[in-house]
C-alpha cells in the first residue's frame with residue numbers, strides 16, 4: 078500500500094485521478110481478500126499474535142487509502158479517518174508505520190466508539 082505515495086500521487090499530479098482511484102481500489106480489494114483469507118474471527122481463538130498482525134496490516138491499508146482518497150471523496154475519507162482516530166491527515170503521513178523509523182510501530186487500536194456508517198445497505202425492490 079505504500080506505493081500509494083508514489084503511484085497515486087503521480088497520477089493525481091498528472092490529473093489522471095481515475096488512475097489513482099483504480100490503484101486505491103485495487104489495493105483495497107487485495108486487502109479485503111487478505112483479510113477474508115486469514116479469517117481473523119477464527120484467529121481470535123487460535124493465534125492472537127497473527128491476529129494482531131492481520132489487523133495491523135488491514136488498518137494500515139485503510140488508513141493510507143483514506144489519506145489518498147481525501148481529495149476525491151473528502152466526506153467519506155473524513156468518516157473513515159475519524160473512525161480510525163487519525164488526526165494527522167497530511168499526504169506525507171501515507172508511509173506505513175512499519176516502514177517509518179521515526180514513528181512508533183503500533184497497530185491502530187484506539188478506534189472511535191462512534192457508530193460511523195461508511196456505506197448504507199442498498200435495498201433493491
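Residue numbers (our numbering): 78 to 202. Here a beta-carbon is modelled for each residue, glycine too, at the ideal position from N, C-alpha and C.
- Around residue 154, the same chain offers 143, 146 and 147 as residues with beta carbons nearer than 6 Å, after the five sequence neighbours per side are excluded.
- Note that the C-beta distance between residue 86 and residue 97 is below 9 Å.
- DSSP, reduced to helix, strand and coil, places residue 166 outside both helices and strands of the structure shown, so it counts as coil.
- Straight-line spacing of the CA atoms in residue 165 and residue 121 works out to 30 Å.
- Fewer than three Cβ pairs drawn from the region 106–120 and the region 154–163 lie within less than 8 Å of each other, which leaves the two stretches out of contact.
- Separation of the CB atoms of residue 132 and residue 117 is rounded to 6 Å, and the pair is thereby assigned contact status at 8 Å.
- Using a 10 angstroms sphere on the CB of residue 137, the tally of other CB atoms reaches 16 or more, which defines it as buried.
- Counting along the chain, residue 109 sits inside the alpha helix (DSSP H) bounded by residues 94–115.
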